[in-house]
Structure formats: structure tokens, C-alpha cells
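Order-wise, the sequence lines are chains R and Y.
Start counting the first sequence at 245; every next residue gets the next number (the working numbering).
Start counting the second sequence at 154; every next residue gets the next number (the working numbering).
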Amino acid sequence: MNSNTSFESNKFESFKKGDEAAFTYFYDKYFRRITSFNVQFIYDQQEAENLTQEAFINLWQNRENIESINGIQSFLYTYAKSKCLNIIRHNKVKDKFKNDLLNHTERELNIEVLNSIQFDTLELTELERIINESINDLPPKTREVFIKKRFENKKNAEIAEEMQVSLKAVEAHMTKALKILRTKLSDYLFLIFILIYNN
Amino acid sequence: MKSEIIYKYLSNEASEQEILTLFEWIEASEENKKQFITIKKTWVLTALSEDISVNSTPVIKIKPKNKAAKYLQYAAVILVLLGLGKIAFNFNYKTKHSKEIVLELGNGQTEYITKNNHSNLLNNKGEVIAKKLHGQIVYFGKVKDNEVLYNSLKIPYGKTFKVILSDGTVISLNSGTTLRYPEQFGVNGKRTVYLTGEAFFEVAKDKEHPFIVNANEVDIEVLGTKFNVNAYPETSIVNSVLVEGSIRIYETASPSNSALLKPNQMATWQNGSNKITTKSVDPSFYSAWTKDELTFKDTPFSTITKIIQRTYDVEIINKNSDLAKQTFTGTIKISESSVKNILELLKRDTPFDYTIKENTITITNLP
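See the structure below:
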């Protein structure tokens, strides 16, 4: 979020000049995030990590064309998005369900979701801000459940036990969190839409 | 119910049978599909966020946003709470219909905005000028100055709404509010909107086209960056609170009668005396409603009842003389509370009795 600190600016300059330590800094910063994005579409942790690796290799090769710090994220996500799309389109995603109709429907939906996301740099920075703020604004309990689930990858049962609430309550909090986030984010996504439309 | 399955699906905890039901639901309509796509998008993009931990306390106040919030196109954030004394625009609706949000178009046509009618809004020429979405309308585009047409939105008690104007300005509208605004702004000139009630403005930065909120007998001109404006309906007062940057508030009929605000200051306009005075305040207090909160600080019970009436669309009759003199301090989460919760809370401080009959609450002395 505070990507424009002078510390990062220095790292970015070094990165552009081919400094591997600087590259490692950005690698550590974004690796997990890009991977978790990929997992949502290709459902294979190993494959998702490979893909992220690939994205970073491409980033390194194209470092001279990256114009700003935010351009790094934007590059990585754009790469991941097009790779995920390719993998889905070429039927390389492992079948999750016994019922083939479900596999097919899921693929179609994922293609639509991917196509609906744009990763220009402005959008990412602003998006991050909005997401952070929206999460901070969730009611405290809901927020705690959401964070445990989403960022600490805990199972519902674990969360229920940690927080001393019922499984149903955990589910209800997640539902609520998503509802709130959905309204907040759609606002924003539509603003982006308008900006693009007007220019 | 659906979102519970969606969430289970996204976290890989749904059964194949549940997924089958979910997919059938998604395929059933474009609407459903769109909803699902937005949710999944939210889900995958939340993986973007970092620096969030359970321990940091949720922020209710308006934060100093120097580095965090690059408000980008939003140069100014204003909150306007206005006197109901002068109803600027007459909607000829019977009170029966007042439960819906009403949109009046430039050509005089009116329509109700209900929850699920996502659709496009066309102008006289049949061009798309806005999208109606869940809980909001988004406008876009520009017109020649002589073609500027005004739309109006009227928000009933118990509801809130959001409108995004064609310049990108975002306006949150509180219960019992009417806003009149150009469906598309002109190429030249000022951006003027008219408000009765309460609203929170995030004004798109555009030095060439000053943004003006006309309220009661004053104009509030956005000069830059962020600020709140607010006023109390019951006293024909307009209060404006500045968060950051600057605003100028002046009497519409006599613009030289004006005040320039510094951050954390509030300007007060009083009908009748026609005086504008200023003092220092905490701005977050005045915009709490946009964060789903009601905040009271030594607030008289009479004021609290008025706010509750608007927020929850109820009528409160107070026959308890002790209570009328009381003031209260505290914060209430709007969506998590009911009128009953709030009354029970107040009762702990000052005992009273009350009855609820449909939407009317009568408060009496203890028997």
C-alpha cells in the first residue's frame, strides 16, 4: 500500500538496473499474493506456484520496460491473468468434480471472472486501498473471522474453536463480510469503469 | 442463503450437490451470474491485501489520509446536513409511496428505484447516461452547457442511497434527503447541486469547474481537498465541517456574507440572523452516519429521537418529561441495532417505559 516510500523507490531503481537483491525484495513481497490469485482459478498449489515463478522470470526479463513500482504488480497480475485464461481455455485445469457439467460450468465462469478484472497500475493501488479500508470497516467480529479465513487460511472449525463461537456463526460472519465487501467493491469497480469510459 | 453457498464454494467447503444447486442458480439469470462474478472477483482480489491484522482496531473516525488515501480524483469530501425548513423541490407523491427511493428525470418523468432493477438510464435522446445498480446510480458523460438537465433523487426515511455524478463525484445520501443534480455536467461553468437533508460528498477535483452545494439559503463552494459540511434540520441551521483543504460558505443572496474554513473548523449558518460563525470541532463526529454509525455527544434526547425517526423510519412520541431534558453520549452501529435495542440502552441510563405499535413508539414515565 505505501509503495511509494523512498525505500521502495530505491529498490525499484536498483531492480531496473539489474540488482538481484532488489528483485528478491519484490519477489518476496508479491509471490504469495500472485500464487493465491492463481490458485483461485487453476486449483493446484504446485501449478500455481510454477506460474508465479514464470511471471517473475518474465518480469526480470522485461524489467527495463516497467515504468513504476506499481507497474511491477500490474505486470505480474496481467501475466498471471493471461496464463490462467490460457490454461483454462486449453482444458488443462484438473477436473474437480465427477459431474462433467460442473467442470464445464466452472471453467466458463472463471473465464468470465478473469476477463472482468483489469490490472492497470492505478486500479491496483486504489483497489488495495479500498480493500484495506473496507476490511477495516467490517464489524469487529466479522472482520476477525474474515481475516482468519482469508489471510490465515484457517478452516471454519478452527475459527469457531478459536473464537468460541458456533460453526454456523462463523459461516454467517463470512456471508456478511462478503456482502459488505461486494457492495463496497462494486462501487469502486464501477468508478474505474467510468474513468475508462470518459477517457 | 445463496451467498452462504457461494462462500462455501469459494472456500472449497461445498458439496458437489450444493455446487450443482449454485450453478443452476447462476445460470438461471444474467443478474445472478453478474452477482456471482462480482463476489468471486471480490474473493480473488482480497488476496491482494496485506498489512492487515486482527489486532489493529477498526477505524471509525475520518483518518488523516496523507499517504494512505490518495483520493485520486476526489479532491473534496463534504458532508452536508441540511435544514428541512425550505423544501426546495416538490415531489407530488402521496406519503403511501414514500417508502421507495424516487428518481425524477430531466423531462419530468419519475420512477421508483427498487432493489433489483439494475438497468440503464436514458436521456431524452435515448442515449445511455447512467447505470442503476444495487443501492446506487452511476452517471457519466458531458453535455453542451445549454443542454444541462437536472435530475432529482428523493430518499425516504429508513433508506440510504449513493449517486455518482458524471464528473466522478460520489454523494452518499442519508434518509429523508432530496438531491437535485445535473444528469450530465456542462463543458463550462460551475457544477451546482441542490440539497435538502443530509449528504456526504466526495467531490471530483476540477479547478476549472467549481463545485457548489446549494443548501437552504447558503452556497458551499469547494475550493479544494477534503471537508465536511453539516447542519441541523430542526433549527434551520447549516453547519459545515472541514476535514482538509478549504471551503467557502456564503449566503446565496449576498455572497459577500461568507466564511472561509480551515481544517477541523465548523461554520454555522443561522436562518433569520443570517450570520455565519465558526468554531473548532472533531470532523469525524459529523460523518459517522456514512460509516453506519450514529454518534451522540451530550446530544439532547429530542435530537436523538429525530435522528432515530429518520434512520429507522419510525415515529417517536415522547411523553416523558425527564427524558426530554436528558442528554446522551455514545455510538450506535446502525445496521446492527434496532430501535428497540437503542431504547433499551437509553433505559439503562434513565428509566422509562415505552410501547411499540406498528411504527409508532410512545415513551412514557414509569408507572
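The beta carbon of each residue, even a glycine, is placed where N, CA and C say it ideally should be.
Treat the numbers as computed from the prediction; the structure is a model and nothing was measured.
Checklist entry - Expressed to the nearest angstrom, what Euclidean distance is found between the alpha-carbon atoms of E574 (chain Y) and K423 (chain R)? => result Lying before the first or after the last residue shown, residue 574 (chain Y) is absent from chain Y, which here runs from 154 to 520.
Checklist entry - Can we count I361 (chain R) as close to the ligand NAP, meaning its CB is less than 8 Å from some heavy atom? => result Looking for the ligand NAP in the displayed structure turns up nothing, as the structure carries no ligands at all.
Checklist entry - What does G288 (chain Y) touch in chain B if you count any residue whose Cβ is under 8 Å from its own? => result No chain B is present in this structure, whose protein chains are R and Y.
Checklist entry - In terms of residues, what are the limits of the beta strand (DSSP E) holding R333 (chain Y)? => result 330-335
Checklist entry - Could one say the Cβ of V197 (chain Y) lies closer than 9 Å to chain R's Cβ atoms, at least one of them? => result yes
Item to check | Terminal residues of the alpha helix (DSSP H) in which A299 (chain R) lies | outcome: 289-305
Item to check | Close-in-space but distant-in-sequence residues of the same chain around V553 (chain Y) (CB under 7 Å, 5 per side omitted) | outcome: Here chain Y has residues from 154 to 520 only, and residue 553 (chain Y) is not among them.
Item to check | Close beta carbons around L411 (chain R), own chain, < 8 Å, minus the five adjacent residues each side | outcome: N400, A401, A404
Next on the checklist: Applying the 10 Å Cβ sphere with the 16-neighbour rule, what's the burial state of S426 (chain Y)?
Outcome noted: exposed
Next on the checklist: Between F341 (chain R) and chain Y, is any beta-carbon pair separated by less than 9 Å?
Outcome noted: yes
Next on the checklist: Quick check for students: name the residue ranges of the alpha helix (DSSP H) that lie wholly in the region 319-373 of chain R, counting only runs of 4 or more.
Outcome noted: 344-360
Item to check | Neighbouring residues, chain R, relative to I179 (chain Y) (Cβ below 8 Å) | outcome: T349, L353
Checklist entry - Between D502 (chain Y) and T452 (chain Y), what straight-line distance do the alpha-carbon atoms span, to the nearest angstrom? => result 14 Å
Checklist entry - Which two residues bound the contiguous alpha helix (DSSP H) that contains S455 (chain Y)? => result 454-465
Checklist entry - According to a CB-to-CB cut-off of less than 9 Å, which residues of the region 290-312 of chain R neighbour chain Y? => result none
Checklist entry - Taking the C-alpha atoms as reference points, what is the distance between Y246 (chain Y) and G261 (chain Y)? => result Unreliable placement is indicated for Y246 (chain Y), whose pLDDT of 31 sits below 50; no coordinate value is reported for it.
Checklist entry - T517 (chain Y) and D506 (chain Y) look like a contact to me (Cβ under 8 Å); what is the Cβ gap, rounded to whole Å? => result 5 Å
Checklist entry - Would K444 (chain Y) count as contacting chain R if we go by Cβ distances under 9 Å? => result yes
Item to check | Contact under 9 Å by Cβ, I331 (chain R) with F285 (chain R) | outcome: yes
Checklist entry - Does the distance from the C-beta atom of N302 (chain R) to that of F281 (chain R) stay below 9 Å? => result no
Checklist entry - How close, in whole Å, do the beta carbons of Y269 (chain R) and K255 (chain R) come, if the pair is a contact with beta carbons under 8 Å? => result 5 Å
Next on the checklist: Distance cutoff 9 Å, beta carbons only. Does E336 (chain Y) sit that close to anything in chain R?
Outcome noted: no
Checklist entry - Per DSSP, G483 (chain Y) forms a beta bridge with which residues? => result Y:F449
Item to check | Selected residue, minimal CA-CA separation from V301 (chain Y), among Y:N277, Y:E489, Y:E253 | outcome: Y:N277
Item to check | Limits of the unbroken alpha helix (DSSP H) element including L173 (chain Y) | outcome: 169-181
Checklist entry - The alpha helix (DSSP H) spanning F281 (chain R) covers which residue range? => result 264-286
Item to check | Within chain Y, partners of V357 (chain R) - CB distance below 8 Å | outcome: I190, K193, K194, V197
Checklist entry - Under 8 Å Cβ-Cβ, which residues of chain Y neighbour N314 (chain R)? => result Under the 8 Å cutoff, chain Y gives no residues; its nearest Cβ is about 11 Å from N314 (chain R).
Next on the checklist: Suppose you measure from the CA of P416 (chain Y) to the CA of F293 (chain Y); what does that come to, to the nearest Å?
Outcome noted: 31 Å
Item to check | Close beta carbons around S393 (chain Y), own chain, < 6 Å, minus the five adjacent residues each side | outcome: I373, V382, I402, A420
Checklist entry - So is T331 (chain Y) buried or exposed if we call it buried at 16+ other beta carbons inside 10 Å? => result buried
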